[in-house]
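Structure, as structure tokens:
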Amino acid sequence: MFKISIICLGKFKEQAYIDLEKEYLKRLSPFGKIKILELPEIGYNKQGEVERVKEKEAELIRKHLPEGAIVILMQENGTLRDSIEFAATLDRLTSLGQELVFVIGSGVGLHPSLMDVANYTFSLSKLTFPHNFARILLLEQIYRAGTIISGKEYHK
């Protein structure tokens, strides 16, 4: 059974994202407990402020990381896995009995200092996606992993 939290910066504003998230959370319920923690994005006015924003968002993320959790940063330069490999990794990590925490940054990305608390970095694709869409893709891949692990046919 999955025990997964997703920490993400920013709230969904579009109803389509809200509906998709609800649908995947419903589909995921037989596979375990999935919690989503939305943290506020920190605004900025000038491009030169991006590094400061990343630092403040990293501080906020650190405050919400559960002790003893396995932390997985979602980054464009993280390790790429296909769905079968992702499922095997999730199966192995969840068997350790620790909570898995996926972290999705805001539109400016994640501060490099978070590597100090990360156990893994994963990438969903070499393509670039809006961070809100990445959240839906991550939920879909966790659901797909659940079906693969349990032997259901969804993943094909």
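Taken in order, the sequence shown gives residues 0 to 155; the numbers are from numbering that gives the first Met the number 0.
Glycine residues also receive a C-beta, built at the ideal position from the N, C-alpha and C atoms.
Identify the continuous alpha helix (DSSP H) that holds residue i and give its terminal residues.
i      : result
TYR23  : 14–27
LEU123 : Neither: LEU123 is in no alpha helix (DSSP H) and is coded neither H nor E.
GLY145 : 130–149
Taking its Cβ as the centre, do 16 or more other Cβ atoms sit within 10 Å of residue i, making it buried, or is it exposed?
i      : result
HIS110 : buried
GLY145 : buried
GLU13  : exposed
PHE30  : buried
ILE83  : exposed
ARG158 : It is not possible to answer for residue 158, since the shown part of the chain is limited to 0 through 155.
ALA158 : Absent from the model: residue 158. The displayed extent of the chain is 0 to 155, so no value can be given.
PHE128 : exposed
TYR237 : With the chain represented from 0 up to 155, any question about residue 237 goes unanswered, as that position is not in the structure.
GLY104 : buried
ASP126 : At residue 126 the sequence reads Leu, which differs from the Asp that was named. With fewer than 16 Cβ atoms within 10 Å of its Cβ, LEU126 is classed as exposed.
The beta strand (DSSP E) spanning residue i covers which residue range?
i    : result
SER4 : 1–8
Quick one: residues in its chain with C-beta nearer than 7 Å to the C-beta of residue i, no 5 flanking neighbours on either side, listed in chain order?
i      : result
VAL107 : VAL49, VAL52, LYS53
LEU19  : ILE135
Below 8 Å CB to CB, which residues in the same chain sit around residue i once its five sequence neighbours on both sides are set aside?
i     : result
ILE33 : PHE1, ILE3, SER4, ILE5, LEU24, LEU27, LEU138, ILE141
ALA57 : LEU109, HIS110, SER112, LEU113
Quiz item: What residue ranges within the segment 36–101 form continuous alpha helix (DSSP H) runs of no fewer than 4 residues, ordered along the chain?
Solution: 49–62, 82–93
| Do three or more CB pairs link the segment 36–45 to the segment 71–90 at distances below 8 Å? | no
Subject >> Stretch-stretch touch, CB-based, cutoff 8 Å, three pairs: the segment 57–66 with the segment 93–104 >> reply: yes
message: Can you confirm whether the segment 113–123 touches the segment 46–64 when touching is taken to mean that 3 or more C-beta pairs between the two stretches lie within less than 8 Å?
response: yes
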